[in-house]
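Engineer: If you scroll down you'll find the structure; I have some questions about it.
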Amino acid sequence: MNNTAEKNKLSPRRRIVNFLVHLLLAVLAIIWVLPIFWIVLTSFRAEPGAYTNTFLPQGYTLNNYIKLFTDRNVLNFPKMFLNTLIIAIFCCIFSTFFVLSVAYSLSRMRFGFRKTYMNIAMILGLFPGFMAMVAQYFILKAMGLTEGSMIRIGLIIVYSACTGLGFQIAKGFFDTIPRSIDEAAIIDGATKWQVFTRITMPLAKPIVIYTVMTSFIAPWVDFVFAKVICRANADQFTVAIGLWNMLQKEYIYRWYTCFAAGAVVISIPIAILFIYMQRFYVEGMSGAVKG
Amino acid sequence: MATISLQHIQKIYPNAAVKERRKKKGDDPEKKKNNLKITDEGVVAVDDFNLEIADKEFIVFVGPSGCGKSTTLRMVAGLEDITRGDLYIDGVRMNDIEPKDRDIAMVFQNYALYPHMTVRQNLEFPLTLRKVPKEQMNKQVNEAAEILGITEYLDRKPKALSGGQRQRVAIGRAIVREPKVLLMDEPLSNLDAKLRNQMRAEIIKLRQRIDSTFIYVTHDQTEAMTLGDRIVIMKDGEIQQIGTPQEVFDNPVNTFVAGFIGMPQMNFYDGKLVKNGDKYVIEVLGAKIVPTEDKQKHLKERNTPEMDIIVGARPEHISLKNVDGAMMEGSVDVSEMMGSSVHIHLNAGGHDSIIIVPTLELGGQDLSYGSKVRFTFAPNVVHMFDKATGENLEYK
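First to last, the protein sequences are chains A and B. In terms of our numbering, the first sequence is residues 1 to 291. In terms of our numbering, the second sequence is residues 292 to 687.
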């Protein structure tokens, strides 16, 4: 007993280092959590306005949330929320499909243009997406997707169409699945499609979930494209534009706390998706092959 | 019930880069790279492979890495396209038939189990794809598991198994649907030496229990010798020799086969074949060895002229018994006491050679470094190879 106790005892030097490391981590954690904590607090704040003299609210209320969902005259938040949710769901389905098919084919198949395509994709990826903003607007306009409810379709296209270019991470993951597993399945009698659905997909769960998550989040956080394509069509606004509008001069005093509430609300679907998805994570590839 | 026939099988990997480079330099089109022939079409990985495999035969492809043995196996499996030539299984041409319709199964070197499925699901997978009814499936899975002794692991995932157990599961998945042809691509190479011996024995047993034709790929000549009914020895994409283990051991057709089969490997010495009257005599390291009658006959039939040869003798065919005029001398580098025999590493006329001497025959021989040892080969097992081509003079 004594021996083990003594062994577990750390040297003073070690203790000091440990203490400093934990202190640093604690400070970092507080810095990281503080804004989130603050926005949640603000969303329950009773007094209006952007500027207050105290960190903690003087009074607490649920009115900000109630107002957010009931006051539809000036800024129709429920409608924006719904818009974004619809766009996010479709975008999520389409982009996941695009990303996975591009990544899988680049990882598993060999064809003429493959290397060149990957190089082009990488170079294109170096340019920020909104460089093409104006061009995209005119293309969508030519297709008649910039008016009325067609804007939603326009946004879905904008958010999902180019995601195939972001195949690198998924391809990297597919590359780690040994080809001999595919070959074993082919010999066992599986078609290419069965190999994909019954072998590759279950093994690639983590990356599928990653792809689903990122493509679902994109429409919630994008402001630039939504702003360009919606312009003044308040009916089609996504939450990002709505929240931005709450911070405009004419609204900020009455809507500031609702803005905080809105920020909390949009994290809910993302959180739900994450909690639902995380149980599909598998521990990885060990056991498939010698390793 | 499956015979396999490989006729003039050829595999060429098109390699545009090589072609262009050569065009610029104007190199000789038959130039070899990595010992593989490169033609205008690309790199020839397997060239003119001909083999008839009888029903339920156990064929082993053996050769050093890069010799095309795995490529050939994968062509039989349908994982690689056949560039030229015909593959028949039971008389049906298989070149353009999908792997799943060939009724073959394959065991991979790295097991290739499905990690997200339990052992049972792994075994069931080929059966579910063939829509075998549940009851029959259970029966077949249990049978296969029993044969391989993996019944108690059926509900585990592959990652909870050891290497040997995983390979058993992989074999189980291959035999569960009773394929006509069972292909094995270096199945034991990932196992440690002890397990490998054990699994080798199990494969021999397995073979007696199932009615498949086996093709087994290995680079290990011991596996080839112990498992195969016939061995196909390959080098640089070409077949060197096909024969039973005994045949390839006793009558290697060239120096490559002679050196590859047998452990420790055959000793080679530069020598001369001369005629003394109507008898051939081998002159090697100052000794004169007269081959036995049947060897003389073989040489005479082929009307072999006098020439420079490579003399090959297996370590176990070398003896220290004194034979007049036929003794060679070497100096000891190392001697290894193995118990019943001693492996003596000698330097004889500039050639490293190994001789195996039973401990009893050793007498008072001094085996310290640099001491002289006199030895001879038995004239009935000495091999003569053309120095220029490496071919065995008796069988060319």
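Note that beta-carbon positions come from the ideal geometry of N, C-alpha and C, so glycine has one too. This one's a predicted model, so the numbers in the text were calculated from it and none came from an experiment.
Out of Phe-94/A, Ala-190/A, Ala-142/A, which one is the CA nearest neighbour of Thr-214/A?
Structural biologist: Phe-94/A
Engineer: Indicate, with yes or no, if the ligand NAD has a heavy atom lying under 7 Å from the CB of Pro-48/A.
Structural biologist: You won't find the ligand NAD in this model; it holds no ligand whatsoever.
Engineer: Closest Cβ-Cβ distance between Asn-401/B and chain A: below 8 Å?
Structural biologist: yes
Engineer: Quick one, which of Ile-495/B, Ala-403/B, Lys-425/B has its alpha-carbon nearest Gln-456/B's?
Structural biologist: Ala-403/B
Engineer: Measuring only between beta-carbons, confirm whether Pro-202/A sits less than 8 Å from chain B.
Structural biologist: yes
Engineer: For a contact meaning CB atoms closer than 7 Å, what does Ile-395/B contact in chain A?
Structural biologist: Ile-187
Engineer: Taking the alpha-carbon positions, what's the Phe-44/A to Leu-140/A distance?
Structural biologist: 40 Å
Engineer: For the structure I just gave you, are there three or more beta carbon pairs, one from the stretch 364-379 of chain B and one from the stretch 524-541 of chain B, closer than 8 Å?
Structural biologist: Pairwise C-beta distances place the stretch 364-379 of chain B out of contact with the stretch 524-541 of chain B, as fewer than three of them are shorter than 8 Å.
Engineer: Measure the C-alpha to C-alpha separation of Leu-439/B and Gln-499/B and round it to an integer number of angstroms.
Structural biologist: 13 Å
Engineer: Using alpha carbons as the reference points, say which of Glu-597/B, Gln-458/B, Ala-451/B lies closest to Pro-478/B.
Structural biologist: Gln-458/B
Engineer: Keeping to the same chain, check which residues put their C-beta closer than 7 Å to that of Asp-318/B; ignore five residues upstream and five downstream.
Structural biologist: Note that Asp-318/B scores 48 on pLDDT, short of 50, meaning its location in the model is unreliable; the coordinates nonetheless yield the value given after this. Around Asp-318/B: no qualifying Cβ.
Engineer: State the Cα-Cα distance for the pair Tyr-686/B and His-589/B, rounded to the nearest angstrom.
Structural biologist: 8 Å
Engineer: Using 8 Å as the limit for Cβ to Cβ distance, is Ala-170/A near chain B?
Structural biologist: no
Engineer: Give a yes or no on whether the minimum CB-CB distance between His-510/B and chain A is below 8 Å.
Structural biologist: no
Engineer: So, helix, strand or coil for Leu-653/B, using DSSP?
Structural biologist: helix
Engineer: Could you pull the DSSP bridge partners for Gly-262/A from this structure?
Structural biologist: Partner(s): none; Gly-262/A has no beta bridge.
Engineer: Could you say which of Tyr-571/B, Ile-609/B, Val-383/B lies nearest to Arg-593/B if we only look at CA atoms?
Structural biologist: Of Tyr-571/B, Ile-609/B, Val-383/B, the residue nearest in Cα terms is Tyr-571/B.
Engineer: Should Glu-321/B be labelled buried (16 or more other beta-carbon atoms within 10 Å of its own) or exposed?
Structural biologist: With a pLDDT of 48 at Glu-321/B, under the threshold of 50, the modelled position of this residue cannot be trusted; read the value that follows with caution. Counting Cβ neighbours within 10 Å, Glu-321/B comes out exposed, since fewer than 16 surround it.
Engineer: Cβ of Ala-396/B within 8 Å of Cβ of Ala-465/B?
Structural biologist: yes
Engineer: Which first and last residues belong to the beta strand (DSSP E) in which Thr-583/B is found?
Structural biologist: First-last for Thr-583/B: undefined, no H or E at that position.
Engineer: Quick one: what's got a C-beta closer than 8 Å to Ile-241/A's C-beta in the same chain, skipping five residues either side?
Structural biologist: Met-80, Phe-223, Ala-226, Lys-227, Cys-230
Engineer: State yes or no: is the beta carbon of Glu-250/A nearer than 8 Å to at least one beta carbon in chain B?
Structural biologist: no
Engineer: Could you confirm whether any beta carbon from chain A is found closer than 8 Å to the beta carbon of Glu-321/B?
Structural biologist: Confidence is the limiting factor: at Glu-321/B the pLDDT is only 48, short of 50, which leaves the residue's position unreliable and the question unanswerable from this model.
Engineer: For Ile-199/A, return the contacting residues in chain B, with the cut-off set at a CB-CB distance below 7 Å.
Structural biologist: Near Ile-199/A (Cβ distances below 7 Å), the residues of chain B are Tyr-405.
Engineer: Are the CB atoms of Leu-698/B and Asp-624/B nearer to each other than 8 Å?
Structural biologist: In the structure as shown, chain B starts at 292 and stops at 687, and residue 698/B therefore has no counterpart that could be examined.
Engineer: Let's test the definition: count the other Cβ atoms within 10 Å of the Cβ of Pro-582/B and tell me whether it reaches 16, buried, or not, exposed.
Structural biologist: buried
Engineer: Taking the C-alpha atoms as reference points, what is the distance between Val-195/A and Ile-373/B?
Structural biologist: Cα atoms of Val-195/A and Ile-373/B: separation of roughly 23 Å, rounded to the nearest angstrom.
Engineer: Return helix, strand or coil for Glu-321/B, following the three-state DSSP convention.
Structural biologist: With a pLDDT of 48 at Glu-321/B, under the threshold of 50, the modelled position of that residue is not reliable, and the figure given next carries that caveat. Of the three classes helix, strand and coil, the one that applies to Glu-321/B here is coil, per DSSP.
Engineer: Quick one: complete beta strand (DSSP E) runs, 3+ long, within the stretch 316-388 of chain B?
Structural biologist: 327-330, 333-344, 349-353, 375-380
Engineer: Pull the bridge partners of Asp-476/B from the DSSP assignment, please.
Structural biologist: Val-508/B
Engineer: For Glu-667/B, which residues does DSSP report across the bridge?
Structural biologist: In the sequence as displayed, the identity of residue 667/B is Thr instead of Glu. Assignment of beta-bridge partners to Thr-667/B by DSSP yields Ser-610/B.
Engineer: Contact criterion: CB-CB distance below 8 Å. Does Leu-194/A meet it with respect to chain B?
Structural biologist: It should be noted that the sequence gives Gln, not Leu, for residue 194/A. Closer than 8 Å: yes.
Engineer: Of all the residues that make up the stretch 345-375 of chain B, which are near chain A by a beta-carbon distance shorter than 9 Å?
Structural biologist: Arg-365, Ala-368, Gly-369, Leu-370
Engineer: Please list the residues of the stretch 413-429 of chain B that have a C-beta atom closer than 8 Å to any C-beta atom in chain A, keeping them in chain order.
Structural biologist: Phe-416, Pro-417, Leu-420, Arg-421
Engineer: Pick helix, strand or coil for Ala-403/B, following the three-state DSSP scheme.
Structural biologist: It is coil, neither helix nor strand.
Engineer: What residues from chain A crowd round Lys-570/B, counting only those whose CB sits closer than 9 Å?
Structural biologist: Within 9 Å Cβ-Cβ: nothing; Lys-570/B doesn't reach chain A, min ~57 Å.
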